[in-house]
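So the number in our numbering is just where the residue sits in the sequence shown, counting from 1, plus 282.
Where is the CB? At the ideal position from N, CA and C, for every residue including glycine.
These figures come from a predicted structure and were not determined experimentally.
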Amino acid sequence: MIALGILLVLVLLLVVFGLLFRLQILTSIFSGSLTREIGMSNRVNAILMIIFMVVGGGAFAWSFIDNYDKMNPPIASIHGYAVENMFWTTMIILGVAFALTHLMLFIFSYRYQHKEGRRAFFFSHNNKIEIIWTLIPAIVMASLVFAGWKEWTKITGPAPKDSIVLEIMGKQFNWLVRYPGRDQKLGVVNYRLIDATNEFGFDLNDNNAMDDFTVNEIHVPKGHPVLLKIRSRDVLHGVYMPNFRVQMYAVPGMPTKFWFTPTKTTDEMRAQLGNPKFNYELACSQVCGRGHFAMKATIVVDEPDDYVAWFAQQKSFAEQNPDVLASFKQKSDKLVKDKAADAAAVLTQTTKASL
């Protein structure tokens with residue numbers, strides 16, 4: 283009841299203040315002072331527009347310059363330079379258009395502030411202006427879209443035949459990475475086989491899967507094309523490698539791909555940045571749940587010889603998990619026996635029928 287009473291008092295006070303304000307306006311109209319107040323208000327607002335433009339523009343410029351390096355990590359892939367050029371071309375065009383329109387917005391607000399005896403010129407239509415501001419943006423935007431499409435078809439199209447192939451699978455909340463073994467062919471996986479040990483769902487009845495191996499740290503060779511085969515085990519994730527300018531969705535039920543060529547080893551990038559702790563990173567760029575912030579993996583770019591040595595040291599999933607392999611063999615032996623028994627039964631029935 284007390285809260286309700288307080289609420290009613292506040293409402294009544296608002297009503298009273300509103301009535302007093304209206305009364306003041308009426309008094310100003312009759313006394314002729316309202317016009318002077320409007321003129322002063324317009325002058326103040328016009329000056330504030332210019333101040334806001336200068337202060338706001340300065341703050342934006344300072345923020346942009348101060349954070350430029352954070353927004354633009356060094357490029358370490360061949361296609362990254364084309365993507366970077368395309369990005370900054372787009373930003374320059376949009377930035378110029380944004381600056382011009384807002385300069386006119388603030389300056390016109392000051393220049394054409396309310397003044398007694400001045401009336402605005404009004405026109406409803408101008409064909410020439412309509413054509414200009416329709417055709418120019420259309421041509422510019424179409425050019426940007428075409429350039430983007432051309433570059434996108436390169437990095438998502440067929441990868442070179444000698445590419446290093448690896449599969450990245452996102453799940454809440456980490457990345458699973460699989461490499462083909464010496465046969466350079468990824469084996470069959472089956473989501474029905476996924477469990478706490480067999481997180482990828484390896485089907486070890488497939489010979490191509492027998493030498494596949496998984497890793498916690500991604501290794502790729504410098505100067506060699508790398509094909510990423512991407513999928514998700516649960517929800518939408520985003521494969522994001524900022525230094526390589528790699529960005530591709532990991533979509534449940536819809537495999538995607540992306541290929542790129544690294545140009546700088548991890549050691550070379552550490553020397554360039556003067557940071558011995560630097561590591562290339564794979565992060566999730568889509569908010570995928572509570573643990574999204576921790577969904578990261580380390581990428582190591584090796585010299586080709588170092589990559590070959592690292593690859594040779596890896597043990598296959600089947601070798602690391604003999605129990606899983608044994609269970610597949612038992613199931614396979616049982617299946618063979620069942621088929622043999624079925625074949626014998628059919629043969630017996632056929633023989634009896636012929637007799």
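In chain order, what residues of the same chain lie with their CB nearer than 8 Å to the CB of N375, ignoring the 5 residues before and after it? Stepping through the sequence shown from its first residue, residue 375 is reached at position 93. A small fix is needed here, since residue 375 is Ile in this sequence, not Asn. Result list for I375: V422, L426, in chain order.
Pull up the CB-CB distance for Q466 and G520, whole angstroms please, since I reckon it's below 8 Å. Against the sequence shown, residue 466 aligns to sequence position 184. Against the sequence shown, residue 520 aligns to sequence position 238. Not quite, the Cβ-Cβ distance comes to about 27 Å (not below 8 Å), so this is no contact.
Do you know whose CA, among A379, Q395, R400, lies nearest P419's CA? Locating residue 419 in the sequence shown gives position 137, counting from the first residue. It is A379 whose Cα lies nearest to the Cα of P419.
Three-pair Cβ contact test at 8 Å for the segment 503–517 versus the segment 570–587: yes
Ignore the nearest five residues each way along the sequence and tell me which others in F599's own chain have a CB closer than 7 Å to its CB. The sequence position of residue 599 within the sequence shown is 317, counting from 1. F484, D494, F495, T496, listed in sequence order.
In this structure, does DSSP put S445 in helix, strand or coil? Taking the first residue of the sequence shown as 1, we reach residue 445 at position 163. Looking at S445 - three-state DSSP - the assignment turns out to be coil, as it is neither helix nor strand.
Best match in F540, V533, A491 for proximity to S445 [C-alpha to C-alpha]: Looking up residue 445 in the sequence shown gives position 163. Comparing Cα-Cα distances from S445 to each of F540, V533, A491, the minimum goes to F540.
When you compare only the Cα positions, how much space is there between N489 and I512? Taking the first residue of the sequence shown as 1, we reach residue 489 at position 207. Taking the first residue of the sequence shown as 1, we reach residue 512 at position 230. Computed Cα separation, rounded: 22 Å.
Under a Cβ-count criterion, where at least 16 other Cβ atoms within 10 Å of its own Cβ denotes burial, should A608 be classed as buried or exposed? Your numbering for residue 608 matches position 326 in the sequence shown. Exposed: under 16 other Cβ atoms inside 10 Å.
Helix or strand or just coil, what does DSSP make of T547? Residue 547 sits at position 265 when you count from the first residue of the sequence shown. T547: coil per DSSP, three-state reduction.
Bridge partners - P503, DSSP secondary structure assignment: Here residue 503 refers to the residue found at position 221 when the sequence shown is read from its first residue. In DSSP, P503 forms a bridge with D584.
Give the C-beta separation of P544 and V508 to the nearest angstrom, bearing in mind that I take them to be a contact with Cβ-Cβ under 8 Å. As a first step, residue 544 is located in the sequence shown; it is residue number 262 there, counting from the start. As a first step, residue 508 is located in the sequence shown; it is residue number 226 there, counting from the start. The pair is a contact, with the Cβ atoms about 7 Å apart (cut-off 8 Å).
If you measure between the beta carbons of E433 and V528, is that distance less than 8 Å? Stepping through the sequence shown from its first residue, residue 433 is reached at position 151. Stepping through the sequence shown from its first residue, residue 528 is reached at position 246. No, Cβ-Cβ distance for E433 and V528 is not below 8 Å.
When you compare the CB positions of Q454 and D516, do they come within less than 8 Å of one another, or not? Reading the sequence shown from its first residue, position 172 is the one you call residue 454. Reading the sequence shown from its first residue, position 234 is the one you call residue 516. Cβ distance < 8 Å, so Q454 and D516 count as in contact.
Considering only C-alpha positions, which residue in the set I360, P442, R464, G287 is nearest to A591? Here residue 591 refers to the residue found at position 309 of the sequence shown. Residue R464 is the option with its Cα nearest to A591.
Considering only residues of the same chain and omitting the five flanking positions on each side of V533, which have a CB-CB separation below 7 Å? Here residue 533 refers to the residue found at position 251 when the sequence shown is read from its first residue. Counting only Cβ-Cβ distances below 7 Å, and skipping sequence neighbours, we find S514, L518.
Counting only C-beta atoms, is E433 closer than 8 Å to chain C at any point? Absent from the structure is chain C; it holds one protein chain and no more.
To the nearest angstrom, report how far apart F346 and T538 are at their CA atoms. Residue numbering aside, residue 346 sits at position 64 when the sequence shown is read from its first letter. Residue numbering aside, residue 538 sits at position 256 when the sequence shown is read from its first letter. Cα-Cα distance, rounded: 34 Å.
With a CB to CB cut of under 6 Å and the five nearest residues on each side skipped, what residues in its chain are close to F388? What you label residue 388 is simply residue 106 of the sequence shown in a count that begins at 1. Closer than 6 Å at Cβ, skipping near neighbours: M331, M335.
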